[in-house]
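Numbering follows numbering that gives the first Met the number 0, in which position 6 of the sequence shown is assigned residue number 5; successive positions increment by one, without gaps. The block underneath contains the structure these notes are about, expressed in structure tokens.
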Amino acid sequence: MSGAASDPDETRGCWDALAATSAVYYGGVGGGVSARGERWFAAVSGLDHCELNVCGLLPGADADDVHAVLRHLPGDLPGIVFVSEHAAPAARTLLVHHGFDLGVEVEPLMVLPRPPQPRPGPFTVDALDEAEVIAHAVPLMAEAHHVPAGLVERNVRAALASGAAQAWAARDGDEALSVVWIVRAGDALAVKEMMTPPRHQRRGAGSAVLTTALARSWDEGVRRAVLLSSVNGTRLYGSTGFAVADRSTTAFRGAEPGLLEALGQSAT
Numbered sequence: 000m001s002g003a004a005s006d007p008d009e010t011r012g013c014w015d016a017l018a019a020t021s022a023v024y025y026g027g028v029g030g031g032v033s034a035r036g037e038r039w040f041a042a043v044s045g046l047d048h049c050e051l052n053v054c055g056l057l058p059g060a061d062a063d064d065v066h067a068v069l070r071h072l073p074g075d076l077p078g079i080v081f082v083s084e085h086a087a088p089a090a091r092t093l094l095v096h097h098g099f100d101l102g103v104e105v106e107p108l109m110v111l112p113r114p115p116q117p118r119p120g121p122f123t124v125d126a127l128d129e130a131e132v133i134a135h136a137v138p139l140m141a142e143a144h145h146v147p148a149g150l151v152e153r154n155v156r157a158a159l160a161s162g163a164a165q166a167w168a169a170r171d172g173d174e175a176l177s178v179v180w181i182v183r184a185g186d187a188l189a190v191k192e193m194m195t196p197p198r199h200q201r202r203g204a205g206s207a208v209l210t211t212a213l214a215r216s217w218d219e220g221v222r223r224a225v226l227l228s229s230v231n232g233t234r235l236y237g238s239t240g241f242a243v244a245d246r247s248t249t250a251f252r253g254a255e256p257g258l259l260e261a262l263g264q265s266a267t
């Protein structure tokens, strides 16, 4: 499964799983919005950072679907829109018209059909309680993706309150090196955030926390795990067993240069 999935139903199932888990992770903040259409979704926290307002245009999406997304993503709010390679070209053109920059690098929507073999290595990997999330996960996430810590904390407190989101960390002693968020919706898991700051990369902590968290979160009711990979994360996810289900042109509004660099993107 190294290429894009050829089954349209499987591709759509992956997008539906991404939409449902995004609603859990981003849409629960006070003032947040979660909305769905046939070919689009909006998971908008309302917080002032594009990483925390995530929308998608699914296969077949056209200009009408762009307008539906934009109704939930006001023009003064930073945001990200993932656009399936099977959406109409007019969708991308219209996003640019409304102030979005298109990422240069295409990003894969990836799927894992079975639990991975845990590879904890020399690290301690465990789920975090709320106090540990605030103490360890929030600073790491803020550093890795250049998001103000106060905004990260508001979003993750709401995600934890849903009961369907869990943060995991790989630690060396008392120091957290890598954090991943696993979100459950229906029969799907999603890797919603994967954060390893540059100073901790290439030590195996990302692989340790990703494989262990997924394996321990997977039960007999889970059909698949999905994620929308950054350019920089594709190799790690592929080594874990994730395969490409679709590809996204990612549209950014209000993205800071540091975030684009962290994601392996640059705006046109």
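All C-beta atoms, glycine included, are put in the ideal place defined by N, C-alpha and C.
Where does residue i land, buried or exposed, given buried means 16+ other C-beta within 10 angstroms?
i, result
"E50", "buried"
"A187", "buried"
"T267", "Per-residue confidence for T267 stands at a pLDDT of 48, beneath the threshold of 50, marking its modelled position as unreliable; the derived number appears in the next sentence. By the 10 Å Cβ count, T267 comes out exposed."
"R153", "buried"
"A41", "buried"
"H144", "buried"
"E37", "exposed"
"A16", "buried"
"E260", "exposed"
"S33", "buried"
"A19", "buried"
"G2", "Only weak support exists for where G2 lies, its pLDDT of 45 falling under 50; the coordinates are left without a value."
"A89", "exposed"
"G102", "buried"
"G31", "buried"
Nearest to residue i by CA position, among the options, is which residue?
i, options, result
"V28", "R198, A207, W167, D47", "D47"
"L287", "G205, M194, V182", "Residue coverage of the chain in this structure runs from 0 to 267, which leaves residue 287 outside it and unanswerable."
"P117", "W217, D245, A16", "W217"
"G98", "L108, V105, G78, M109", "G78"
"G149", "I133, G162, A164", "I133"
"P115", "G232, W39, A214, W14", "A214"
"G120", "G30, L259, R202", "R202"
"A163", "G172, E174, A184", "A184"
"A212", "I181, L227, G232", "I181"
"G12", "L258, G240, T239, L226", "L226"
"A175", "R252, A189, P147, V124", "V124"
"E192", "R91, D64, V151", "V151"
"P107", "L258, P256, T233", "T233"
"G220", "R198, P112, L72, A67", "P112"
"D75", "G45, H96, L57", "G45"
"H96", "W14, L69, D8", "L69"
"G237", "P7, T210, A126", "T210"
"L57", "T10, F122, R198", "T10"
"H85", "L94, L127, V103, P7", "P7"
"S228", "G263, R222, Q200", "G263"
Thinking C-beta only, is residue j closer than 9 Å to residue i?
i, j, result
"A254", "V80", "no"
"V179", "V208", "yes"
"G55", "A87", "no"
"E129", "M194", "no"
"S83", "V53", "no"
"S161", "A168", "no"
"A244", "M109", "yes"
"V105", "R246", "yes"
"A136", "A166", "yes"
"R91", "T248", "yes"
"W39", "A67", "yes"
"Y25", "A189", "no"
"D64", "R252", "no"
"V146", "L72", "no"
"R198", "F122", "no"
If you follow the beta strand (DSSP E) that residue i is part of, which residue opens it and which one closes it?
i, result
"P107", "106-111"
"N52", "52-56"
"T249", "242-252"
"E174", "174-184"
"V190", "187-194"
"R201", "Run containing R201: none; DSSP gives neither H nor E here."
"D171", "164-171"
"R223", "223-227"
"R35", "32-35"
"V43", "39-43"
Between which two residues does the alpha helix (DSSP H) containing residue i stretch?
i, result
"R215", "204-216"
"S21", "7-25"
"L69", "62-71"
"L235", "233-239"
Confirm the yes/no value for this check: CB of residue i, any heavy atom of the ligand MG, distance under 8 Å.
i, result
"Q165", "The model depicted lacks the ligand MG and carries no ligand whatsoever."
Item to check | Those runs of the beta strand (DSSP E) which lie wholly inside the region 82-149 and span at least 3 residues | outcome: 106-111, 123-126
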